[in-house]
Amino acid sequence: MKESEPGMTLIVKTITRLTVGLILLFGIYIVLHGHLTPGGGFAGGVIIALSFVHLMLAFGRELALKKISQARASIIESLGALMFLFIAVLGFSGGYFFFNFFVNKGRPFHLFSAGIIPLCNIAISLKVGAGLFAIFAALILFRSNGKEE
Amino acid sequence: MELNILLLFMIFSAIVAVQLEDLLSSVIAVGAVGLGLSLAFLVLKAPDLAITQLVVEILCLIILIRATIKKDLPFSTSGRWVFNTMSTLAFIAVFLFFAYFALRELPRFGAPIMRVAQEYVTNGLKKTGATNLVAAIILDYRGYDTLGEATILFTAVIGVLAVIRKIGRIKNERV
Chain A
1 MKESEPGMTL IVKTITRLTV GLILLFGIYI VLHGHLTPGG GFAGGVIIAL SFVHLMLAFG
61 RELALKKISQ ARASIIESLG ALMFLFIAVL GFSGGYFFFN FFVNKGRPFH LFSAGIIPLC
121 NIAISLKVGA GLFAIFAALI LFRSNGKEE
Chain B
1001 MELNILLLFM IFSAIVAVQL EDLLSSVIAV GAVGLGLSLA FLVLKAPDLA ITQLVVEILC
1061 LIILIRATIK KDLPFSTSGR WVFNTMSTLA FIAVFLFFAY FALRELPRFG APIMRVAQEY
1121 VTNGLKKTGA TNLVAAIILD YRGYDTLGEA TILFTAVIGV LAVIRKIGRI KNERV
């Protein structure tokens, strides 16, 4: 292994390569099943952010920022917030803010049920995940910038 | 029983975190408090909160460790310690005095007043179709509260990115 390679040792990199996809998948599962099992948008979003933080810690910041740059993370976060507000405003079609406007709520214990709740979970997870990753990336970039000066 | 052990463990870890002089060890002791809190939520049958607490705790721990590693700040113990200790004890006494009267009025632990919650528990599944009642409450009945929380997080992220951004920062030598 070359000395100039960024990130941690080969052991950490190999384990990360195996686990990071599973962590991301688990976060998506927690988000999508938020209305059926414990979890939800907030916890799932943080797990998704943690998978990218994991990547950044093991492989160095260039590789993680190539996947999602800080500007793109900010855009995704704003999109999540706007999507949440948009779902809330769509409730006016049924009468009031945050109205669960689906007439057919679906059968309980099925993935496509509960009206707007899964959509809200997805919006919140985008917002939380991208926001926390943006904060972490900003802190890392701030530290490394301070070192160069 | 388990809850009392967990609470004692958390109080012990918090005291350890305050008393340790090494900053990194102190951060890890704070992490022990958070993980104890997550277990306490699990014992109290609140798995949603337990998952969220665990995940946020890990993220905070990573950020704090990154922030404090190799930065051993000297611990200052000089100064007016008699006055500081006395004022702390006085404030604790005042707090306990008022807390005695305030906490006496609370409903007993494990016996809540089910005035609003009864409606959610009986009609929640039928009205929202969500089998996780916590999700039904935070995203349907109490959507406004969740919108407020989301706004808080959004404002916090904007604040952090504005303070430590890369573009537009004035270099030291130019000032």
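In order, the protein sequence lines correspond to chains A and B. Note that this note's numbering gives residue 147 to position 147 of the first sequence, counting from 1, and the numbers run on in steps of one. Just add 1000 to wherever you are in the second sequence, counting from 1, and you've got this note's numbering. Cβ coordinates follow ideal geometry from the N, Cα and C atoms, glycine included.
Here the alpha carbon of Ile1028 (chain B) sits roughly 27 Å from the alpha carbon of Trp1081 (chain B).
Between Gly27 (chain A) and Ser51 (chain A), the CB-CB gap stays under 8 Å.
Put simply, the backbone Cα of Val1160 (chain B) is about 28 Å away from that of Val89 (chain A).
For Leu1008 (chain B), the enclosing alpha helix (DSSP H) begins and ends at 1002-1019. For Asn1123 (chain B), no Cβ of chain A is located within less than 8 Å of the residue's own Cβ. For the 8 Å CB-CB criterion, Gly91 (chain A) and Phe99 (chain A) form a contact.
Under the Cβ distance rule, Thr37 (chain A) counts among the residues neighbouring chain B, one pair being separated by less than 8 Å.
Taking the beta carbon of Gly60 (chain A) as reference, no residue of chain B falls within 8 Å; the closest one sits roughly 13 Å away.
Between Leu132 (chain A) and chain B, the shortest Cβ-Cβ separation is below 8 Å. Identification of chain B residues near Val53 (chain A) by a Cβ-Cβ cut-off of 8 Å yields Leu1059, Ile1062, ordered along the chain. In this structure Met1086 (chain B) is exposed. Its beta-carbon is surrounded by fewer than 16 other beta-carbon atoms within 10 angstroms. Between Val128 (chain A) and Val53 (chain A), the gap from beta carbon to beta carbon reaches 8 Å or more. Within the same chain, Cβ atoms closer than 8 Å to the Cβ of Leu1042 (chain B) are found at Ala1050, the five residues on either side in sequence being excluded. Taking 7 Å as the cut-off between beta carbons, the residues of the segment 90-101 of chain A near chain B are Phe98, Asn100, in sequence order.
Taking the Cα of Ala1117 (chain B) as reference, the smallest distance to any Cα among B:Ala1130, B:Val1094, B:Tyr1141 is reached at B:Tyr1141.
Neighbours of Val12 (chain A) in chain B, taken as residues whose beta carbon is under 9 Å from its own, are absent, since the nearest beta carbon is some 14 Å off. Asp1145 (chain B) has a beta carbon lying at 8 Å or more from every beta carbon in chain A. Phe109 (chain A) reaches chain B at Thr1131, counting residues in chain order whose Cβ is nearer than 7 Å. Using a Cβ distance threshold of 8 Å, Ile30 (chain A) and Gly21 (chain A) do not count as a contacting pair. Chain B places no beta carbon closer than 8 Å to that of Val20 (chain A), leaving this residue out of the contacts. Residue environment for Lys105 (chain A): buried (at least 16 other C-beta atoms within 10 angstroms of its C-beta). The criterion of a C-beta distance shorter than 8 Å is not satisfied by Gly115 (chain A) and Thr1131 (chain B). The C-beta distance from Ala1135 (chain B) to Ile117 (chain A) rounds to 5 Å, short enough to meet the 8 Å contact threshold.
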